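Participant:
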Amino acid sequence: DAGVTQSPTHLIKTRGQHVTLRCSPISGHKSVSWYQQVLGQGPQFIFQYYEKEERGRGNFPDRFSARQFPNYSSELNVNALLLGDSALYLCASSPWGLAGQPNTGELFFGEGSRLTVL
Amino acid sequence: QKEVEQDPGPLSVPEGAIVSLNCTYSNSAFQYFMWYRQYSRKGPELLMYTYSSGNKEDGRFTAQVDKSSKYISLFIRDSQPSDSATYLCAMGGSSGNQFYFGTGTSLTVIP
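Chains A and B supply the protein sequences, listed in that same order.
Each residue of the first sequence is one higher than the one before, starting from 104 at the first, in my numbering.
Each residue of the second sequence is one higher than the one before, starting from 109 at the first, in my numbering.
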């Protein structure tokens with residue numbers, strides 16, 4: 104079974120540019136979350152989406168936005184990039200809300216998109 | 109005060125040793141507790157998941173949750189060089205919306 108897939112795997116942008124990161128969850132998972140992991144730190148929560156609705160938002164500026172599509176895939180958008188946005192962006196899907204299952208709270212991560220802002 | 113505190117290490121042990129990794133937290137509402145393993149430049153891999161308090165064992169791995177002390181642990185028995193990685197603890201509340209991660213503990217198992 105395919106796990107969580109993310110694209111692109113690596114990208115380099117310059118300050119002020121915009122970036123779009125994409126994520127496909129595990130088949131059957133309806134919940135997608137985005138996390139930012141700066142080198143040497145643990146992942147930090149950005150967004151959670153379930154059934155195309157935003158269910159949670161972390162302490163990130165409005166330059167960060169996301170959406171979830173009818174097929175449960177998701178995009179993370181970051182505008183006006185800053186040097187400090189350089190990080191590994193992780194997408195995680197969860198069986199939260201999977202039919203017949205309770206809210207397990209488990210997160211299954213993709214390999215991430217490594218963003219470098221110059 | 110951070111939601112989750114984790115000693116970053118690094119921790120270096122000989123092959124076959126028992127490894128103990130720990131995290132403390134401040135939010136008594138946390139119900140979900142996880143341990144992830146992350147190899148360099150890879151995404152985190154879910155190792156252990158525990159709901160509420162208690163112990164859970166899976167092969168060489170044992171996870172413990174002590175909610176009264178707000179303290180969780182991961183034990184690795186008979187450690188192997190392939191266990192060398194960064195171990196992240198994570199936890200969240202009953203809504204399951206947002207999870208808080210520790211900074212990770214870097215572990216090296218020496219053959």
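Each residue gets a CB set at the ideal place from its N, CA and C atoms; glycine is no exception.
Just so we're clear, the structure is a prediction, and the values are computed from it rather than from any experiment.
1. Quick check: is the beta carbon of Leu210(A) nearer than 8 Å to any beta carbon in chain B?
2. Consult DSSP for Gly200(B) and reduce its assignment to one of helix, strand or coil.
3. Exposed or buried, what is Phe172(A) when buried is set at 16 or more other beta-carbons lying within 10 Å of its beta-carbon?
4. Measuring only between beta-carbons, confirm whether Leu193(A) sits less than 8 Å from chain B.
5. Shorter than 8 Å from the beta carbon of Glu214(A) to some beta carbon of chain B?
6. Considering only DSSP beta bridges, list what Pro122(B) is partnered with.
7. Quick check on Gln139(A) - is its C-beta less than 8 Å from some C-beta in chain B?
8. Determine the closest residue to Gln109(B) out of Asp115(B), Leu119(B), Ser134(B), with distance taken between C-alpha atoms.
9. At a cut of 8 Å, does the stretch 117-134 of chain B reach the stretch 146-158 of chain B through at least three beta carbon pairs?
10. State the Cα-Cα distance for the pair Asp186(B) and Ser168(A), rounded to the nearest angstrom.
11. Whole angstroms are fine: how far does the CA of Ala125(B) sit from the CA of Gly145(A)?
12. Tell me, which residues are paired with Asp115(B) by DSSP?
13. Taking the CB atoms as reference points, tell me whether Thr117(A) and Arg217(A) lie closer together than 8 Å.
14. What separation, rounded to the nearest whole angstrom, lies between the Cα atoms of Asn180(A) and Cys126(A)?
15. Classify Arg158(A) as buried or exposed, calling it buried when 16 or more other Cβ atoms lie within 10 Å of its own Cβ.
16. With a threshold of 8 Å between beta-carbons, can Arg158(A) be considered close to chain B, or not?
17. In the DSSP output, which residue or residues are listed as bridge partners for Ile115(A)?
18. Assuming Tyr153(A) contacts Trp199(A) (C-beta within less than 8 Å), just tell me the rounded distance between them.
19. Give me, in chain order, the residues of the same chain whose beta-carbon lies closer than 6 Å to that of Leu186(A); leave out the 5 immediate sequence neighbours on both sides.
20. Cβ of Phe138(B) less than 8 Å from any chain A Cβ?
21. Taking only three categories from DSSP, how would you classify Gly187(A)?
22. Thr123(A) to Tyr138(A), Cα distance in whole Å?
23. Which same chain residues, not among the five before or five after Gln206(B), have their C-beta less than 8 Å away from its C-beta?
24. Could you say which of Ile218(B), Val217(B), Thr194(B), Thr158(B) lies nearest to Arg145(B) if we only look at CA atoms?
Facilitator: Let me spell this out:
1. Chain B contact via Cβ: present.
2. Residue state, collapsed to three classes: strand.
3. That one is exposed.
4. Chain B, which has a Cβ nearer than 8 Å to the Cβ of Leu193(A), makes this yes.
5. Closer than 8 Å: yes.
6. Partner(s): Ile218(B).
7. So no, Gln139(A) is outside the interface.
8. A check of alpha carbon separations from Gln109(B) across Asp115(B), Leu119(B), Ser134(B) identifies Ser134(B) as the nearest.
9. Counting Cβ pairs under 8 Å, fewer than three are found: no touch.
10. Roughly 44 Å separates the two Cα atoms.
11. Our two residues, Gly145(A) and Ala125(B), have alpha carbons roughly 26 Å apart in a direct line.
12. Beta-bridge annotation (DSSP): Asp115(B) is not paired with any residue.
13. No, Cβ-Cβ distance for Thr117(A) and Arg217(A) is not below 8 Å.
14. In a straight line, the C-alpha of Asn180(A) is about 12 Å away from that of Cys126(A).
15. By the neighbour-count rule (16 or more Cβ atoms within 10 Å), Arg158(A) is buried.
16. Yes, its Cβ sits closer than 8 Å to a Cβ of chain B.
17. Within the DSSP bridge table, the entry for Ile115(A) names Thr219(A) as partners.
18. Sure, about 7 Å apart at Cβ, within 8 Å.
19. Excluding positions up to five away in sequence, the list reads Val220.
20. Not a single C-beta of chain A is nearer than 8 Å to the C-beta of Phe138(B).
21. Residue state, collapsed to three classes: helix.
22. Distance between the alpha carbons of Thr123(A) and Tyr138(A) is about 14 Å.
23. These residues qualify, in order along the chain: Gly200.
24. Ranking Ile218(B), Val217(B), Thr194(B), Thr158(B) by Cα distance to Arg145(B) puts Thr194(B) first.
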